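**Q**
Residue numbers (my numbering): 41 to 524.
(1) Would you mind listing the beta strand (DSSP E) stretches within the region 152-239 that are 3+ residues and don't spill past its ends, in chain order?
(2) Using the beta-carbon count (16 or more within 10 Å), is residue 307 buried or exposed?
(3) Buried or exposed: where does residue 407 fall if 16 or more other Cβ atoms within 10 Å of its Cβ makes it buried?
(4) Could you check whether the region 371-381 touches the region 146-164, counting it as contact only if at least three pairs of C-beta atoms, one from each stretch, sit closer than 8 angstroms?
(5) Assign residue 81 to buried or exposed, taking buried as 16 or more other Cβ atoms, counted over all protein chains shown, within 10 Å of its Cβ.
(6) From what residue to what residue does the beta strand (DSSP E) around residue 369 run?
(7) My parser needs the alpha helix (DSSP H) runs of 4 or more residues fully inside the region 302-367; what are they?
(8) May I ask you to report which of helix, strand or coil DSSP gives residue 123?
(9) Quick check: what's the CA-CA separation for residue 286 versus residue 392?
(10) Only counting the same chain, and skipping five residues up and downstream in sequence, which positions put a Cβ closer than 6 angstroms to that of residue 259?
(11) For residue 401, which three-state DSSP category applies?
(12) Is residue 75 buried or exposed, if buried means 16 or more other CB atoms sit within 10 Å of its CB?
(13) Should residue 326 go down as buried or exposed, given a rule of 16 or more other Cβ atoms within 10 Å for buried?
(14) Let's test the definition: count the other Cβ atoms within 10 Å of the Cβ of residue 495 and tell me whether it reaches 16, buried, or not, exposed.
(15) Helix, strand or coil: which one does DSSP assign to residue 246?
(16) How big is the Cα-Cα spacing for residue 409 and residue 381?
(17) To the nearest angstrom, report how far apart residue 85 and residue 92 are at their CA atoms.
(18) Please name the residue in 453, 489 and 474 whose C-alpha comes closest to that of residue 502.
(19) State the CB to CB distance for the pair residue 232 and residue 223, rounded to an integer number of angstroms; the pair is presumed to be in contact (CB under 8 angstroms).
(20) By alpha-carbon positions, which one of 175, 191, 113 and 168 ends up nearest to residue 142?
(21) Can you give me the start and stop residues for the alpha helix (DSSP H) that residue 395 sits inside?
(22) Please confirm whether residue 348 and residue 339 have their CB atoms less than 8 angstroms apart.
(23) What would DSSP say about residue 287, mapped onto helix, strand or coil?
(24) With a cut-off of 8 angstroms on the beta carbons, I'd call residue 464 and residue 449 a contact; round off their distance for me.
(25) What are the uninterrupted segments assigned as beta strand (DSSP E) that are 3 or more residues long and contained completely in the region 431-472, given in chain order?
(26) Return the residue from the list 388, 151 and 153 that minimises the CA-CA distance to residue 178.
(27) In whole angstroms, what is the alpha-carbon distance linking residue 403 and residue 411?
(28) Any idea if residue 68 is buried or exposed, counting beta-carbon neighbours within 10 angstroms, 16 or more meaning buried?
Below, the structure written as structure tokens:
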């Protein structure tokens, strides 16, 4: 975990070490800490599981979790794409604190269509941040990540004892989903193995090996991220099904079923080892479904947008003896909330000098009607994402920010300062912009957003792009759709 500079520990890492020592000393020791299994799926949309309404995709194992645990109907990722969502999750901090705003460059798409110079992006979560894995490890947990990391080259430098297949890659760049492939600590030269299956198998082995210790398993599948590569037999199965509600991609459906099967295998292992009663299980996604592959309806938009389709996620938590089976919670929660929630679950006392932006939602797990009493949720995305048509034809999003306060949501687009206001209770699809009709409500939400920006030192791009051409004409296929 510690890095050396010419044989001497850096001041930053020494400070981090001392913080972890304090956390370890301040731990509220329990006779049996609960195990934590966190299924974190890539690019899975809000309705891409059958317990959230899909009539085409099949997810029986996750559906069972939803019946045994609590569903959160208003759960959000911290960003509309992978890396920033994961950086917020692991650090417990909103984007402006760590500078990971998007995937890759912030100036994606053709320059002639970009009005502004976007905020420069950071692609690695800096070592100075104490991750949730480091915190759990300091409390005596054995920690493992299996699958996508996307925050640097090696997750074992940031609190994980075990890394299977995790690197800086945003997608399955170690060879795709079908072997032969070459991932960190996961090399298969023969054909015939499917990556999602193998990660599930490795997760089961980890549980078996550490069944007598408290463990934190972060099963962070590359699925269902591009490329869309299913097992042939599953693709054939879904080709025979009738498309429903915009869900029609047979290969994508096959990927979802394989993801579900891997979760079923892990759940079966917990049951076989009699660990179910002392294991907390969480199912979540990092951003909305890709609009070129699936439909997020009734939500507007998709991955890469601050509309609900890009940030609202399926969330299930099963905590035996705490969550009520089959219950639903409508309290809004967001990615930065998991860190303090896991700390409370594990009985870890939070040091005064550990900065976290989220709130523990343990009160909601105990009582689905509980309120966390916070002012609002915030998103900050000062970057461009090229792709299929959205607000601007060349981009899924231009630099923007959003705030949700109660039932109300405000989106600000930095290129022209336009504000969009929606009442999510009455207009979940964000089809009725009320900004012109309700200026006082706009003022209230925008004031909250500006206050938050000041507190987090969130950068807002204002510099004009000299390469912008207001006369340039956009046509599909020329907006840089290759990057996902």
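All residues carry an ideal CB built from backbone N, CA and C; glycine is no exception. On a predicted model such as this, the values are computed, not experimentally measured, just so you know.
**A** In short:
(1) For the region 152-239, whole beta strand (DSSP E) runs of length 3 or above, ordered along the chain, are 182-187, 202-204, 221-223 and 226-228.
(2) It counts as buried.
(3) Flag for residue 407 reads exposed.
(4) Two segments are said to touch when three or more pairs of C-beta atoms, one from each, lie closer than 8 angstroms; by this definition the region 371-381 does not touch the region 146-164.
(5) If you draw a 10 Å sphere on the C-beta of residue 81, you find 16 or more other C-beta atoms in it, and that means buried.
(6) 367-369
(7) 348-351
(8) helix
(9) Distance between the alpha carbons of residue 286 and residue 392 is about 48 angstroms.
(10) Here the set comprises 79, 186 and 243.
(11) coil
(12) Residue 75 should be labelled buried.
(13) buried
(14) exposed
(15) helix
(16) 17 angstroms
(17) Straight-line Cα distance between these residues: approximately 10 angstroms.
(18) 453
(19) Not quite, the Cβ-Cβ distance comes to about 16 angstroms (not below 8 angstroms), so this is no contact.
(20) 191
(21) Per DSSP, residue 395 belongs to no alpha helix (DSSP H) and is neither H nor E.
(22) yes
(23) strand
(24) 6 angstroms
(25) 435-437, 440-445, 448-453 and 458-463
(26) 388
(27) 8 angstroms
(28) Only weak support exists for where residue 68 lies, its pLDDT of 42 falling under 50; the value from the coordinates is given anyway. It is exposed - the Cβ of residue 68 has fewer than 16 other Cβ atoms within 10 Å.
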